[in-house]
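Per full-length UniProt numbering, the sequence shown runs over residues 1 to 155.
All residues carry an ideal CB built from backbone N, CA and C; glycine is no exception.
Keep in mind the model is a prediction, meaning the values are calculated, not measured.
Down below is the structure, laid out as structure tokens.
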Amino acid sequence: MKMAFTQKQRMIEGLTVFTLIAISIYVAVMWGKIPQEVAISFGISGKIGGMGAKTSILWKLAISYGIYIVFTIIFLNPSLWGIGDIKNKKKQQQAFLLAGDLFVFLKLVLVSIMAYIIFCIINNVDLGFIFIPMSAFLPLAIGFNTSSKIKALRN
């Protein structure tokens with residue numbers, strides 16, 4: 001089975017691509033103004049925890065593109081999702097739609113989190129107290145919510 005983007009998924013995909021392009025342009029424009037030593041790690045409270053070379057920004061940007069590519073490949077190959085065992089075709093379609101929505105939304109969330117981290121590194125500011133717990137909790141909450149809906153379709 002091949003997946004095609006729904007209109008909602010296209011919109012989310014567009015936001016994800018826009019985020020990647022925007023942070024890439026921001027890095028390129030700011031590169032000459034970035035000090036040689038930048039934050040490379042943050043503590044649980046969102047405060048800067050360690051310093052390193054400014055090339056670490058490029059690695060974080062590469063990770064953002066890697067997230068985008070991996071999630072896109074997974075989205076385009078539904079056989080990797082592990083939900084093809086639903087016998088009822090209507091429920092199976094609903095499950096595939098839910099899982100597709102999950103992948104494109106998680107991709108947007110994760111790319112946005114990476115973009116925010118890169119932005120904070122470039123501007124030498126703390127991530128903020130609420131960022132660390134929320135960046136861990138939000139993708140998990142979205143994933144558990146969607147997986148429970150898909151599990152309900154199996155019954």
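Item: Under the three-state reduction of DSSP, which class applies to V38: helix, strand or coil?; Value: strand
Item: Between the alpha carbons of S24 and L61, how many angstroms are there, rounded?; Value: 7 Å
Item: Should K33 go down as buried or exposed, given a rule of 16 or more other Cβ atoms within 10 Å for buried?; Value: exposed
Item: If G49 and L127 are in contact, beta carbons under 8 Å, what's the gap, nearest whole angstrom?; Value: Incorrect: roughly 10 Å between the Cβ atoms, too far for contact.
Item: Apart from the five residues just before and just after I57, which ones in its own chain have a Cβ nearer than 8 Å to its Cβ?; Value: V27, I34, V38, I118, I121, I122
Item: Using alpha carbons as the reference points, say which of Q94, F105, K87, G82 lies closest to F71.; Value: F105
Item: May I ask which residues mark the beginning and end of the beta strand (DSSP E) holding I122?; Value: No beta strand (DSSP E) holds I122; the alpha helix (DSSP H) holding it covers 89–122.
Item: What's the call for L108, buried or exposed, on a 16-neighbour Cβ count within 10 Å?; Value: buried
Item: Decide if Y68 is buried, meaning its Cβ has at least 16 other Cβ atoms within 10 Å, or exposed.; Value: buried
Item: DSSP has A53 in a bridge; who is on the other side?; Value: E37
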